[in-house]
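Report on the following structure.
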Amino acid sequence: MESYLQQDFDVKTKHFSPEASSKWRRAVGLVVKNRARRFRHVADLAKRQEAERKKKQIQEKIRVALYVQKAAMHFIEAGDSHSATGKPDQVEYKLSEEAAKEGLSIHPDELASIIRSHDTKVLEIHGGVDGILRKVAVTLEEGVRGSSIPSRQNFYGLNRFTEKPPRSFLVFVWEALQDLTLIILMVCAIASIGVGLATEGWPAGMYDGVGILLSIVLVVLVTAISDYRQSMQFKDLDREKKKIFIQVTRDGKRQKVSIYDLLVGDIVHLAVGDQVPADGLFISGYSLLIDESSLTGESEPMNVNEGKPFLLSGTKVQDGSGKMLVTTVGMRTEWGKLMETLSEGGDDETPLQVKLNGVATIIGKIGLAFAVVTFLVLTIRFLVEKALSNEITDWSSTDALTLLNYFAIAVTIIVVAVPEGLPLAVTLSLAFAMKKLMNDKALVRHLSACETMGSASCICTDKTGTLTTNHMVVTKLWIGEKSIDVNGNNSKDAVKSEISGALDILLQVIFQNTSSEVIKNEGKTSILGTPTESALLEFGLLLGGDFDAQRREFKILKMEPFSSVRKKMSVLIAHPHGGIRAFCKGASEIVLGMCNKVIDCNGETVNLSREEANNVTNVINSFASEALRTLCLAVKDIDGSSINNDIPDDGYTLIAVVGIKDPVRPGVKEAVQTCLAAGITVRMVTGDNINTAKAIARECGILTDDGLAIEGPEFRNMSPAEMKVVIPRIQVMARSLPLDKHTLVKNLRDTFREVVAVTGDGTNDAPALHEADIGLAMGIAGTEVAKESADVIILDDNFSTIVNVARWGRSVYINIQKFVQFQLTVNVVALMINFVSACVSGDAPLTAVQLLWVNMIMDTLGALALATEPPNDGLMKRPPVSRGTSFITRAMWRNIIGQSIYQLAVLGVLNFRGTQLLGLTGSDATDILNTVIFNAFVFCQVFNEINSRDIEKINIFRGMFDSWVFVGVMVCTVAFQAVLVEFLGAFASTVPLSWQLWLLCIIIGSLSMPVAVVLKCIPVEGKVKPPEGYEAIPDGPPAGLV
-9 MESYLQQDFD
1 VKTKHFSPEA
11 SSKWRRAVGL
21 VVKNRARRFR
31 HVADLAKRQE
41 AERKKKQIQE
51 KIRVALYVQK
61 AAMHFIEAGD
71 SHSATGKPDQ
81 VEYKLSEEAA
91 KEGLSIHPDE
101 LASIIRSHDT
111 KVLEIHGGVD
121 GILRKVAVTL
131 EEGVRGSSIP
141 SRQNFYGLNR
151 FTEKPPRSFL
161 VFVWEALQDL
171 TLIILMVCAI
181 ASIGVGLATE
191 GWPAGMYDGV
201 GILLSIVLVV
211 LVTAISDYRQ
221 SMQFKDLDRE
231 KKKIFIQVTR
241 DGKRQKVSIY
251 DLLVGDIVHL
261 AVGDQVPADG
271 LFISGYSLLI
281 DESSLTGESE
291 PMNVNEGKPF
301 LLSGTKVQDG
311 SGKMLVTTVG
321 MRTEWGKLME
331 TLSEGGDDET
341 PLQVKLNGVA
351 TIIGKIGLAF
361 AVVTFLVLTI
371 RFLVEKALSN
381 EITDWSSTDA
391 LTLLNYFAIA
401 VTIIVVAVPE
411 GLPLAVTLSL
421 AFAMKKLMND
431 KALVRHLSAC
441 ETMGSASCIC
451 TDKTGTLTTN
461 HMVVTKLWIG
471 EKSIDVNGNN
481 SKDAVKSEIS
491 GALDILLQVI
501 FQNTSSEVIK
511 NEGKTSILGT
521 PTESALLEFG
531 LLLGGDFDAQ
541 RREFKILKME
551 PFSSVRKKMS
561 VLIAHPHGGI
571 RAFCKGASEI
581 VLGMCNKVID
591 CNGETVNLSR
601 EEANNVTNVI
611 NSFASEALRT
621 LCLAVKDIDG
631 SSINNDIPDD
641 GYTLIAVVGI
651 KDPVRPGVKE
661 AVQTCLAAGI
671 TVRMVTGDNI
681 NTAKAIAREC
691 GILTDDGLAI
701 EGPEFRNMSP
711 AEMKVVIPRI
721 QVMARSLPLD
731 KHTLVKNLRD
741 TFREVVAVTG
751 DGTNDAPALH
761 EADIGLAMGI
771 AGTEVAKESA
781 DVIILDDNFS
791 TIVNVARWGR
801 SVYINIQKFV
811 QFQLTVNVVA
821 LMINFVSACV
831 SGDAPLTAVQ
841 LLWVNMIMDT
851 LGALALATEP
861 PNDGLMKRPP
871 VSRGTSFITR
881 AMWRNIIGQS
891 IYQLAVLGVL
901 NFRGTQLLGL
911 TGSDATDILN
921 TVIFNAFVFC
931 QVFNEINSRD
941 IEKINIFRGM
951 FDSWVFVGVM
961 VCTVAFQAVL
971 VEFLGAFAST
981 VPLSWQLWLL
991 CIIIGSLSMP
1001 VAVVLKCIPV
1011 EGKVKPPEGY
1021 EAIPDGPPAG
1031 LV
């Protein structure tokens, strides 16, 4: 079976081709009872192709508009398209009275037209960006007034996109009714009622047919309720995925709002990694570089400035920073139209869904063959008996009813045999896990990531914010050849007196070279910005600095924001007394290398000798060895006559070295130990100083005595052969570039066949997140670009949450294995008992109604019980499942075969010798026996469902009562079985049983538990091999821990 699955039903964890999707769909063929339900949670390839076609049309339209605008710039003086007044021909737009009252003097369609066509001429006619600001009734300083929000929403619209309305419960009922076998059974039931009324009269003639119809109604309702609940869970998760916040100026204050609450007129602050939230115009900024590939398909980023001020919704900020004026929102933007097409086609199927579709196909074909043979055997025996009785030509309505019942039994065998619930159980389990993870601060964006994370053998994690708290504070300062301890307000005066000679220049370098802002609101001071910059600004405020006064005094000419490639931030300012000054801060060794002067103990500038440079390096290393993040702050004065607005890369004066404390998160060390016990190697990949990284890694338990800490430049200069030797020992990579992380991930996956999870927060982390088996973006510190490339968003940026995702991923995998083991056992027994009985006695002990009830037990109810069990601690004490491992393990086959043999033996004895063994006599003996067989069969499944809670361990009761769903399903199953046997016998072909027979049925079922104990003592698995390249960490848990 496994070779067949690998041949036709094997797909990658992500980024697999449309050909792979088509291949497994073709392999499924016609062995599907309900295509609408089976393929609901997989990609619709036809719709996806249509959506791709529409997307290309929209991209082409935008490209043409851009090209036309560029061409028009060459002929800007031509008058052919202008009237006598020099104004272009324009459509007349009428404004509403309400808009006019609010001071709004430009129509939303006109604004949309200007941005969409990049029409600079019309923009100039309106007075440029300043004119548009006036016409949408906002000022740059104040932004949108809160009182004008309702009228703006009414006139300009909401920043929301058209979405498909949610499907109602009745739609799921209708889809459940599309099951071909149920339709055939409904026809059989109606025919049975017709024939039954003609032969047996009212009401006896209706019982069989109505029983089948009631069973179908029950199956459809339970299925629809389960599917509807899943859809609601996915809807909630989808809503969470779309939560994006952006910084705007409103009522004169900078604040965060959801992109869906943006209004025309909002002043938006853009930074590296942000998604442009609406169409708009550039107001001001520095080196703003926009990636428009998602909208236009063009890979070349665009520079946006005063000359080219147009910004389009859905594009990404690749570099720089800026402010924009929102001019068009919602479905008036091209991105809104594109989003409408992207919602078509659905999500990619997961590897487990595909694999279980393969299992369902194989079993379905076997079941179909059994159903046909059973019907033929029953029919042939019936015909032979008629022939032997010389009644072959004598046919009655009773004979027709008998044949109809045979056909119904055959169809019901197909219902049971085609395990439609297998692939759907994956979706149910994933939906349950995703909802729980959402509550635990992990947002799963792609279904496949949840199951793949259970197989992760390596986690490459960032340091800042993931292993540490990201609540930074300056605790050490080196300035003027002195190291100073900083202890908040307690050391305020002492620090100021120590650095009095350099205080002014230190405050300048802190307050001028920052992209963050200090906000004062009702006497309270808050800082909007990154944790590192917030720590510096808090330190500057502690020293008595005035942020607003500093920013008013100097004019910023140019800014280079921090990036993980540059590892520094620089700014160029115009000094109020003349001249130009450059400030730089960043990675200590990089900024130090740009300096040739330093401030001495008197506050004077002196040359930076080699000896003094070595002293500074020692200071940096001493700070780093205390697990402090180190930054160098530097300044350079430039002659204004020679400046061409380029920020220099050398000749700076070193002002200070700052040590920033970022404590390790509580619980991280325990989480790392949990990973090691689970066979998951944790590697720290950071841009920080190697000494800082090593100190934090040792504190977290990541770096061991035999482990290797390496710097990015050394790693990237290695040959492939050297990398192959070194990579298994790497536990820390410091001063790394995003490219280094990508190279490490690619080698781990391709060379060592590891299943790799990678964390990332920056724009440049997107390639590594995309390359990894599971990309984990940070929800707090992460950019929108990183989040869009990730499979899971860690909402609290906590490493412990990542471990929790791995725990739930393993739970999903093992839960599906439990369900498959349980369902295959039911399949084998139900098929064989009816087939053998039909061949030997010419009758099937399990009727159509009974088989439909069994189908519901093993399908929807079984999936609810077993596929939604929460994870237990034992899951993280075993090695991960490596690539290519067989899904149906030897232990599962052992349990399936062993339980099937036991159940078939007991039920077979009851079927052929039950009357004698139980001492049944009288006219109802056969009915009692068949009821006992049915009841015993159901109780075998109930107890085997409990057995299936653990595939290998004997104690199957541990944690059972923690899963209320499992307990609820068990109680409901037993209760309804009692009702079915005792009170619905006319419909279910059962008779009430004595308490002795009920006890017998329960004992027969419960005996499957000691059978399971015996089976689990039979060794079938060889020694579990860890993933290739995995080595036990010496300081971790004992190697024998499983």
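Be aware that the sequence shown starts at -9, since it is given in this note's numbering, and climbs by one per residue. Even for Gly, the Cβ is constructed at its ideal location relative to N, Cα and C. Everything numeric in this text was worked out from a predicted model, so none of it was measured.
With a threshold of 8 Å on Cβ separation, who are the neighbours of Ile382 within its own chain once the five nearest residues in sequence on each side are excluded? The sequence position of residue 382 within the sequence shown is 392, counting from 1. Closer than 8 Å at Cβ, skipping near neighbours: Leu373 and Lys376.
According to the neighbour-count rule (16 or more other Cβ atoms, all chains shown, within 10 Å of its Cβ), is Cys930 buried or exposed? Residue mapping note: residue 930 aligns to position 940 of the sequence shown, counting from 1. It is buried - the Cβ of Cys930 has at least 16 other Cβ atoms within 10 Å.
In DSSP terms, what Asn597 is bridged to: The residue labelled residue 597 in the question sits at position 607 within the sequence shown. Asn597 is bridged to Lys587.
Ser103 to Lys231, Cα distance in whole Å? Taking the first residue of the sequence shown as position 1, residue 103 is located at position 113. Taking the first residue of the sequence shown as position 1, residue 231 is located at position 241. Roughly 30 Å separates the two Cα atoms.
Which residues DSSP lists as bridging Ile572, in chain order: For the purposes of this step, residue 572 is identified with residue 582 of the sequence shown, where counting begins at 1. Reading off the sequence, residue 572 comes out as Ala, not Ile. DSSP lists Leu562 and Lys626 as partners of Ala572.
To the nearest angstrom, how far is it from the Cα of Asn477 to the Cα of Gly491? Translated into the one-based positions of the sequence shown, residue 477 becomes position 487. Translated into the one-based positions of the sequence shown, residue 491 becomes position 501. In a straight line, the C-alpha of Asn477 is about 20 Å away from that of Gly491.
Going by the DSSP bridge assignment, what does Arg542 pair with across the sheet? Locating residue 542 in the sequence shown gives position 552, where the first residue counts as 1. The partner list for Arg542 (beta bridge, DSSP) is empty, contrary to what the question assumes.
Report the three-state DSSP secondary structure of Pro1024 (helix, strand or coil). The count along the sequence shown starts at 1 and reaches residue 1024 at position 1034. For Pro1024, the pLDDT reaches just 41, beneath the cut-off of 50, and the residue's location in the model is therefore unreliable, although a value from the coordinates is still provided. Here Pro1024 sits in coil by DSSP.
Looking only at C-alpha atoms, which of Ser599, Ser445, Pro860 and Ile784 sits nearest to Trp954? On the sequence shown, position 964 is the one that residue 954 refers to. In terms of Cα proximity to Trp954, the closest of Ser599, Ser445, Pro860 and Ile784 is Pro860.
Got a sec? Which residues, its chain only, sit under 7 Å from Gly320 by beta carbon, not counting five neighbours each side? Here residue 320 refers to the residue found at position 330 of the sequence shown. Excluding positions up to five away in sequence, the list reads Gly147, Leu148, Asn149, Arg150, Phe151 and Gly326.
Under 7 Å between the Cβ atoms of Thr676 and Ala685? Residue numbering aside, residue 676 sits at position 686 when the sequence shown is read from its first letter. Residue numbering aside, residue 685 sits at position 695 when the sequence shown is read from its first letter. Going by C-beta atoms, Thr676 is not nearer than 7 Å to Ala685.
Helix or strand or just coil, what does DSSP make of Leu358? The residue given as residue 358 occupies position 368 in the sequence shown. Three-state result, Leu358: helix.
Where Pro8 falls, given that 16 or more other Cβ within 10 Å makes a residue buried: Reading the sequence shown from its first residue, position 18 is the one you call residue 8. Pro8 comes out exposed.
Report the option in Trp468, Pro299 and Gly199 whose CA atom is closest to the CA atom of Ser274. Within the sequence shown, numbered from 1, the residue matching residue 274 stands at position 284. With respect to the C-alpha of Ser274, the residue from Trp468, Pro299 and Gly199 having the closest C-alpha is Pro299.
Is it right to say Asp538 is buried, meaning 16 or more other beta carbons lie within 10 angstroms of its own, or is it exposed? Within the sequence shown, residue 538 is the residue found at index 548, counting from 1. So Asp538 counts as exposed.
Answer yes or no: do Cys440 and Met428 have a C-beta to C-beta separation smaller than 7 Å? Counting from one through the sequence shown, the residue named residue 440 turns up at place 450. Counting from one through the sequence shown, the residue named residue 428 turns up at place 438. Going by beta carbons, Cys440 and Met428 fall outside the 7 Å limit.
Relative to the alpha-carbon of Thr451, which residue among Ala976, Val735 and Asp475 has its alpha-carbon at the smallest distance? Counting from one through the sequence shown, the residue named residue 451 turns up at place 461. The candidate whose alpha carbon is nearest that of Thr451 is Val735.
Quick test of the definition: if touching needs 3 or more C-beta pairs under 8 Å, does the segment 565 to 585 touch the segment 633 to 645? yes
Using 8 Å as the Cβ pair cut-off and three pairs as the minimum, do the segment 357 to 372 and the segment 150 to 170 touch? Contact fails: fewer than three Cβ-Cβ distances are below 8 Å.
Arg244 in three-state terms, based on DSSP: Start at 1 with the first residue of the sequence shown, and residue 244 comes out as number 254. If DSSP states are grouped into helix, strand and coil, Arg244 belongs with the strands.
Have a look at Val22, Gly765, Ala855 and Asn925 and flag the residue whose alpha-carbon is nearest the alpha-carbon of Arg435. Counted from its first residue, the sequence shown places residue 435 at position 445. Closest option to Arg435, Cα to Cα, is Gly765.
Span of the alpha helix (DSSP H) around Val463: Residue mapping note: residue 463 aligns to position 473 of the sequence shown, counting from 1. DSSP places Val463 in no alpha helix (DSSP H) but in the uninterrupted beta strand (DSSP E) bounded by Val463 to Ile469.
His108: buried (16+ other C-beta within 10 angstroms of its C-beta) or exposed? Counting from 1 along the sequence shown, the entry for residue 108 is found at position 118. The residue in question, His108, is buried, as its Cβ has 16 or more Cβ neighbours within 10 Å.
Where the beta strand (DSSP E) containing Ile783 begins and where it ends: To locate residue 783, count along the sequence shown from 1; it is residue 793. Counting along the chain, the beta strand (DSSP E) containing Ile783 begins and ends at Val782 to Ile784.
Runs of alpha helix (DSSP H) wholly within the segment 875 to 954 (minimum 4 residues, chain order): 880 to 908 and 915 to 937
So what does Tyr642 bridge to, in DSSP terms? Here the question's residue 642 lines up with position 652 in the sequence shown. Note: Tyr642 sits in a beta bridge opposite Cys585.
Three-way DSSP call (helix, strand, coil) for Ala771 in this model: One-based indexing of the sequence shown puts residue 771 at position 781. Three-state DSSP puts Ala771 in coil, outside helix and strand.
Where does Gln265 fall in DSSP's three states? Looking up residue 265 in the sequence shown gives position 275. Reduced to three states, the DSSP call for Gln265 is strand.
DSSP state of Glu153 mapped onto helix, strand, coil: Stepping through the sequence shown from its first residue, residue 153 is reached at position 163. Coil.
Is it buried or exposed, Ile936, if we count other Cβ atoms within 10 angstroms and call 16 or more buried? Sequence index remark: in the sequence shown, residue 936 carries index 946 (1-based). Counting Cβ neighbours within 10 Å, Ile936 comes out buried, since at least 16 surround it.
Proximal residues to Pro409 (C-beta, below 6 Å), its chain only, five neighbours per side dropped: Within the sequence shown, residue 409 is the residue found at index 419, counting from 1. Apart from sequence neighbours up to five positions away, the residues of its chain that approach Pro409 with a beta-carbon distance below 6 Å are Ala350, Ile353 and Gln813, ordered along the chain.
Taking the C-alpha atoms as reference points, what is the distance between Leu894 and Ile404? For the purposes of this step, residue 894 is identified with residue 904 of the sequence shown, where counting begins at 1. For the purposes of this step, residue 404 is identified with residue 414 of the sequence shown, where counting begins at 1. Cα-Cα distance, rounded: 19 Å.
What's the call for Val1003, buried or exposed, on a 16-neighbour Cβ count within 10 Å? Mapped onto the sequence shown, residue 1003 falls at position 1013. Val1003 comes out exposed.
So Arg880 packs on Leu1005, CB below 8 Å; how close in whole Å? Start at 1 with the first residue of the sequence shown, and residue 880 comes out as number 890. Start at 1 with the first residue of the sequence shown, and residue 1005 comes out as number 1015. Incorrect: roughly 12 Å between the Cβ atoms, too far for contact.
Start-to-end residues for the alpha helix (DSSP H) that takes in Cys829: Reading the sequence shown from its first residue, position 839 is the one you call residue 829. Taken as a continuous stretch (DSSP letters only), the alpha helix (DSSP H) holding Cys829 covers Phe789 to Ser831.
Please state if the CB of Gly255 and the CB of Val126 are separated by a distance shorter than 7 Å. By 1-based counting over the sequence shown, the position of residue 126 is 136. By 1-based counting over the sequence shown, the position of residue 255 is 265. Yes, they are a contact pair.
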